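Report on the structure given below.
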Amino acid sequence: MAAGQTHAAPNGATAGRAGIHPWLEVGDSVVADVIADGKAVAHLDHKATRPGLQKTPALVFVLPAGLKRLRLKGKATNGGKTTAFDKTWKVRDMAPFSAPLYDTSKPWIERVRGLAAKLEEGGVVVKPGDAGAKKKPAKAAFADLEKALGVPLPEAVKVLGDWRIEVGDSRFLAAADMRKVSDLLLGSWGYKSKGSDGLDRILSPAVRARYDRSLAVFEEVGDGLGALAWDPAGVTPGERPNTWGDEGSPGAQPGAPGEGVWYWLHQEHLVKPELLLDDDYRPKSAEAALTNVFQRFALSDVDPRETEDELLVDSANPRPNLLQLHFDGPGQPRLWLRSYDRHYSLY
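Letter 46 of the sequence shown, counting from 1, is numbered 382 in my numbering, and no numbers are missing.
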């Protein structure tokens, strides 16, 4: 079956979709039946033409509502040797935690508040109020930012002016604290503009130019510093996304005029900002980019599994779950959810 096609659920009831993304070497292959609660729902037949994990799934199939067990039965060829396998995983669904984030009947901020209420131990904290008002009210701060950038801000960004949102130790910046990425790097991040460790030597001219014109809206505090930022200039056709894996991708494709492009940057890979692109390699919308913060940092920490042999899925997610398939050894398949991996931006 071609990528993107799906089978109908047995009784017409569905609870999302899943995509299988094999991680194989060039020339290796896998053929398997996908069996959900005892019923065959799809057939995987994939031969790797590029190494490693790819953004495009080899197979997309419907997740039957209330799925309890998922089984893969077939054969894999690795290095010219073919081995049969038959593996069943007990399925656990993240939907009880994630569903509020994907309830598009509600405004984005209400979806975020709903997620915060579902997560334990204050993983996401949402409070009304402009945290930067003592410095400059949000309306005035946004007006100054638009003047400095020379373009209107996405409406989704302006929503942030009325809220204080923290995700663990990280946070969305108050309107008065939002600034160009270069100013962030040269300010609180402690970089220098020139010198042996200066940005003029660390960064390529193209990356430095992107940081000079981009707005940072979220600051990550963890193993080093990171940020989510918006470049109003958008992408260059064919530009490398700089995402981990996805060798041989077609590269970024231009989005709608004025949409720009969102990306992640981090001290560990400052020279290669990771573009947030949709399944067609076009820039994600502002709302999708802001939602990615919670996918990357909040949902990545939700793990209701009771054993390592269980398979997490998220039936609430409108996109196909990104299930990575690789083999720990002959006849030993491993299938696991990568949709919410904080260090992985294919999704």
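Glycine is no exception: its CB is placed at the ideal position from the N, C-alpha and C atoms. As the structure is a prediction and not an experimental result, all values here were calculated from the model.
- Comparing alpha carbon positions, the residue from Ala420, Val629, Phe478 closest to Glu502 is Val629.
- Inter-segment contact for the region 351-369 and the region 652-669 is present: three or more beta-carbon pairs are separated by less than 8 angstroms.
- For the pair of segments examined, the region 379-387 was found to touch the region 355-367: the number of CB pairs separated by less than 8 angstroms reaches three.
- Counting along the chain, Asp548 sits inside the alpha helix (DSSP H) bounded by residues 541-549.
- Counted as a single uninterrupted DSSP element, the stretch harbouring Asp505 is not any beta strand (DSSP E), since DSSP gives it neither H nor E.
- Within 10 angstroms of the beta-carbon of Val517 lie 16 or more other beta-carbons, which makes it buried.
- When secondary structure is reduced to three states using DSSP, Pro432 falls in the helix class.
- Take Lys426, set aside five residues on each side of it, and the residues of its chain with a beta-carbon closer than 8 angstroms to its own are Lys404, Arg405, Thr643, Asp645, Glu646, Leu647, in chain order.
- Membership of Gln668 in the beta strand (DSSP E) is indicated by the continuous run 668-673.
- The secondary-structure analysis by DSSP pairs His602 across a beta bridge with Gly562.
- Where Leu520 is concerned, the enclosing alpha helix (DSSP H) starts and stops at 517-522.
- Comparing C-alpha distances from Pro593 to each of Trp444, Ala652, Lys620 shows the shortest one belongs to Lys620.
- Residues Val462 of the same chain have their beta carbon placed closer than 6 angstroms to that of Arg449, with the five preceding and five following residues left out of the count.
- With contacts defined by Cβ atoms closer than 8 angstroms, Leu437 and Leu481 do not form a contacting pair.
- Taking a contact as a CB-CB distance under 8 angstroms, the pair Leu539 and Val607 counts as one, their CB atoms being some 6 angstroms apart.
- Using a C-beta cut-off of 8 angstroms, the region 375-382 makes no contact with the region 564-574, since fewer than three inter-stretch Cβ pairs fall below that distance.
- Counted as a single uninterrupted DSSP element, the beta strand (DSSP E) harbouring Leu406 occupies residues 405-414.
- Counting every other CB atom within 10 Å of its CB across the protein chains shown gives Gln631 a total of 16 or more, marking it as buried.
- Scanning the region 610-635 for uninterrupted alpha helix (DSSP H) segments of 4 residues or longer gives 622-633, listed from N- to C-terminal end.
- If you look at Val493, you'll find it in the alpha helix (DSSP H) that goes 491-495.
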